[in-house]
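Residue numbers (this note's numbering): 1 to 158. Beta carbons are placed, not taken as given, at the ideal position from N, Cα and C, and that holds for glycine. Working notes, structure below.
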């Protein structure tokens with residue numbers, strides 16, 4: 001039954017230098033703190049897991065203080081993972097965009113997302129970016145299409 005499933009909201013926070021918008025690594029921690037506070041305000045009971053790469057103990061402690069379960073993946077060689085991921089150099093487009101794939105300097109941090117497959121203690125995980133704020137409980141989204149993958153896209157993004 002859906003009510004007995006183990007869910008988690010998971011974010012990935014990687015200190016790979018400046019992000020693709022030019023923000024410093026501390027901005028990722030600040031965004032995670034804001035996201036967790038928005039979840040707390042909704043009194044959501046979903047477990048929240050932050051898979052973190054390359055941050056100091058003070059940053060990890062700040063995340064824990066607001067309620068994130070922190071999984072430190074700093075020991076993982078993200079650059080080595082990226083070398084194993086095949087890349088299309090021409091003709092590759094995201095299905096919903098007419099343009100090409102955005103070139104990113106922080107691609108090694110994208111590799112850390114593959115660690116989601118290691119979260120086997122959960123029946124389902126919801127992967128989230130950090131640049132959002134929750135307006136409704138996460139649990140409501142787990143009731144829809146829980147047997148398939150799905151994504152919510154902001155209006156106007158496609």
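Go to residue i, then tell me how far its beta strand (DSSP E) extends in each direction, as first and last residue.
| i | result |
| --- | --- |
| residue 48 | 47 to 53 |
Just list the residues that DSSP pairs residue i with in beta bridges.
| i | result |
| --- | --- |
| residue 10 | 49, 127 |
| residue 72 | 52 |
Looking only at its own chain, which residues have a Cβ that is under 8 Å from the Cβ of residue i, when we skip the five neighbours before and after it?
| i | result |
| --- | --- |
| residue 33 | 62, 63, 66 |
| residue 35 | 11, 128, 130, 132, 133, 134 |
| residue 56 | none |
| residue 27 | 19 |
| residue 40 | 66, 67 |
| residue 24 | 18 |
Who are the near neighbours of residue i in its chain, counting only those whose CB is closer than 7 Å to its CB and skipping five residues on each side?
| i | result |
| --- | --- |
| residue 5 | 123, 124 |
| residue 37 | 66 |
| residue 114 | 81 |
| residue 70 | 50, 52, 60, 63, 64 |
| residue 116 | 10, 125, 127 |
Where do the N-terminal and C-terminal ends of the alpha helix (DSSP H) with residue i fall, by residue?
| i | result |
| --- | --- |
| residue 31 | 26 to 41 |
| residue 5 | Residue 5 -> no alpha helix (DSSP H), and no H or E assigned at all. |
| residue 81 | 78 to 84 |
| residue 58 | 57 to 65 |
Quick test of your reading: residue i and residue j, contact by CB under 8 Å. State the CB separation rounded to the nearest angstrom.
| i | j | result |
| --- | --- | --- |
| residue 81 | residue 14 | Not really, about 11 Å apart at Cβ, beyond 8 Å. |
| residue 53 | residue 73 | 5 Å |
| residue 109 | residue 22 | That belief does not hold up - the Cβ atoms of residue 109 and residue 22 are roughly 14 Å apart, past 8 Å. |
CB-CB under 6 Å to residue i, same chain, minus the five flanking residues each way: which ones, in chain order?
| i | result |
| --- | --- |
| residue 126 | 9 |
| residue 29 | 59 |
| residue 68 | 36, 48, 50 |
| residue 97 | Residue placement at residue 97 cannot be trusted, given a pLDDT of 49 that sits under 50; what the coordinates show is reported in the next sentence. Excluding positions up to five away in sequence, the list is empty. |
Say whether the segment 8 to 15 touches the segment 114 to 126, bearing in mind that this needs 3 or more beta-carbon pairs closer than 8 Å, one atom from each stretch. Yes, the segment 8 to 15 is in contact with the segment 114 to 126.
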